[in-house]
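Student: I have a structure here, written as structure tokens, and I will follow up with some questions on it.
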Amino acid sequence: MATSKDSPAHFYTSVPPSEKPDVGAQTIEPNPKGPANVSSRLRTTYLFPILHILWCILLVVCMLILLDGYHAILPEAPRYVDSQLRLRVSDVTTIISVALVVTRLLVGAWMGVVLWNVIFVLLETPGLHLSEVTQTFTYKVPPWHAIRGNKSGFFVVGLLLLVVPQPLIGPLISGAVDWDVGFKYSADLDQTQAGYPGASPLLWFWYYYSSEDRRSYVRRAAAYASIAWDGTAIDEGHCRHIMNDDGFPVNSSVLDATIPCLQIHSIKFPTEYPPDDVFQIVNLSVHAATYDDGLTRVKDPPLSYGIDGNAVLFDKDDRPGMLGNFPNKSDTEFRMDVPSAYLYSGILHAVILINGTVSLNGNNCTDLKESIFGMKKFNNIFTPNERGNYYRCFTYAVVNLTAGVVRSPKSTYLSSRVIQGDATGSEVLIQPAPWVQEAMYLMPDVMSVFSMMNSSGLSTWENLEEYVTRLIRYSYQGSWDMLSRSFEPHNKLLSVRRYEQRQVAQVSRPRVFGWLGASLALTLSWALLVLGQKFFFEENC
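Per the UniProt record's numbering, residue 1 is the first one in the sequence shown, and the count goes up by one each step.
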């Protein structure tokens, strides 16, 4: 633009290219109402930095208040539950990306305003030529020779330093969100039946009359113990229970469930030989015919199996055999009463087979050097009266325990079928219940089968006490669950709060506030442009 030396330099606000005066056009004289015209134009052009800073503050507030701690659903979870939309991580990422697109649009609009003003300022100096205007818009920076060596150049450099980095700060906030593993419980309660729908009192009647049926139930009890203690969750002394497979997710909560529970108060391995009555019970079970054994409830002597680790638990003063201590049964119909509520608390004896293959021609059990339970020497090892070709080396323990059930206010699903009470130790209040006494009578049979299965992965090496403790607890749970789920229809409905795995948003406050601080540079460019316009206008007037 050609002007005379005496003509005042003009400072322009942003105008569209279509309104730009032709190069050869006559210079427009300054309007005495110039400041008013400038102010009216500023109201429009300055709308961009105002919208930009408000938009940035809104985005930061939303991220810190609404997004931080938000539980996003997994990709396979339904988006809508009870007519409420739930977002995934990809949705949140998309929303942030859209917000940054809006930010870039506002930044781009303001950069256009700034560049137009920069060009008009520099056109008043001998440094910038019209042929370099396009280059300036392309690279967002005027040529260096156009800005050096004058006050206008310092003004332009300041503006550009505040504005040009704005499109580059987006990663600060787009990368400010980390995702951690979390969960939520459903607001609404689901229902599940407390008992097994296929349980039948008629089967309880035939349980009495058929020892073969009872034998199959012992195997089922061992299977229930295997399901409940399959190693998927660490055993920390909690009580567990088999439920119906209703497909509830792991970690869902069930309220007011009845759970079988056996608590061992002490277990001791005496150094002396076992009492004579205990020895006779063991000796008889090892060699007896099926009806002579005082341990079995199912016509299958449990200690007749010579598998290392085979173990039983019994009350030496209360061995009912196969037909003792059953409830009343009807003589006219296939019916037998449900057992009365019972709580067992007292001293029992556990007998464990340490090694069943010691040759009669070699060292006897007292010289046993190693077994599946390690290198430890057991002072109370004994062997029954042998009739075969090898010794069976047993040890025994005295166990003080309480067995019954607990009413758990809140229990947790460990799998789709297994729940675990939340209380443990002194918090557990064990109460009487049906099936407790029969479950204790079945303990020798169930423990023997379960120990030979060892499907729960019970460790044995240098771990005899823990092995016996867990074998007792697991076998009792399997026995009680088998009896309850086989013979007692229980239509009570339990409330379940469904667990849902989520991804929890964690917003980095330093990054968010750093981005907001960097965005304020655009607002500072607005202030600098206002001061520059006033300065150049007053200087030229």
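Glycine included, every Cβ here is placed at the ideal spot set by N, Cα and C.
Model, not experiment: these values are computed from the prediction.
Any idea which residues DSSP pairs residue 259 with across the strands?
Tutor: 406
Student: Can you tell me whether residue 183 is helix, strand or coil according to DSSP?
Tutor: strand
Student: Can you tell me which of 299, 172 and 399 puts its alpha carbon nearest to the alpha carbon of residue 268?
Tutor: Taking only the C-alpha atoms, the option nearest residue 268 is 399.
Student: Would you list the one or two residues that DSSP bridges to residue 431?
Tutor: 405.
Student: Taking just the CA atoms, how far does residue 331 sit from residue 456?
Tutor: Here the C-alpha atom of residue 456 lies approximately 42 Å from the C-alpha atom of residue 331.
Student: Helix, strand or coil for residue 188 per DSSP?
Tutor: strand
Student: If you drop the 5 nearest sequence neighbours on each side, which residues of the same chain put their C-beta closer than 6 Å to that of residue 254?
Tutor: Annotation for residue 254: 411, 419, 494 and 496 place their beta carbon closer than 6 Å to its own, counting only its chain and skipping 5 residues before and after.
Student: Work out the CA separation of residue 79 and residue 118 for me, nearest whole Å.
Tutor: 50 Å
Student: Counting C-beta neighbours from all protein chains within 10 Å, is the total for residue 509 16 or more, i.e. buried, or is it exposed?
Tutor: Burial check for residue 509: the Cβ neighbour count within 10 Å stays below 16, so the residue is exposed.
Student: Can you list the alpha helix (DSSP H) stretches of 4 or more residues lying completely in the segment 469-494, in chain order?
Tutor: The segment 469-494 contains no whole alpha helix (DSSP H) run of 4 or more residues.
Student: Quick check on this structure: which residue in 250, 527, 306 and 513 has the alpha carbon closest to the alpha carbon of residue 171?
Tutor: 513
Student: Just to confirm, are residue 499 and residue 440 a CB contact at a threshold of 8 Å?
Tutor: In this structure, residue 440 does not lie closer than 8 Å to residue 499 by Cβ.
Student: Give me the Cα-Cα distance between residue 324 and residue 466, rounded to the nearest whole angstrom.
Tutor: 32 Å
Student: Work out the CA separation of residue 507 and residue 64 for me, nearest whole Å.
Tutor: 7 Å
Student: Would you check if the segment 55-64 and the segment 95-114 touch, i.e. whether three or more CB-CB distances between them fall below 8 Å?
Tutor: Result yes; three or more Cβ-Cβ pairs closer than 8 Å.
Student: Rounded to the nearest angstrom, what separates residue 429 and residue 97 at their Cα positions?
Tutor: 55 Å
Student: My output table needs one value for residue 276: the three-state DSSP class, helix, strand or coil.
Tutor: helix
Student: In the DSSP output, what is residue 344 paired with across the bridge?
Tutor: 403
Student: Taking the alpha-carbon of residue 60 as reference, which of 95, 46 and 438 has the nearest alpha-carbon?
Tutor: 95
Student: Could you please give the first and the last residue of the uninterrupted alpha helix (DSSP H) stretch that includes residue 311?
Tutor: Per DSSP, residue 311 belongs to no alpha helix (DSSP H); it is in the beta strand (DSSP E), 311-314.
Student: With DSSP collapsed to three states, give me the class of residue 517.
Tutor: helix
Student: Tell me whether the segment 172-180 and the segment 298-315 touch, counting them as touching only if at least three CB pairs, one residue from each stretch, are closer than 8 Å.
Tutor: no
Student: With a threshold of 16 other CB atoms inside 10 Å of the CB of residue 530, please say whether the residue is buried or exposed.
Tutor: exposed
Student: For residue 461, does the count of other Cβ atoms within 10 angstroms reach 16, so buried, or fall short, so exposed?
Tutor: exposed
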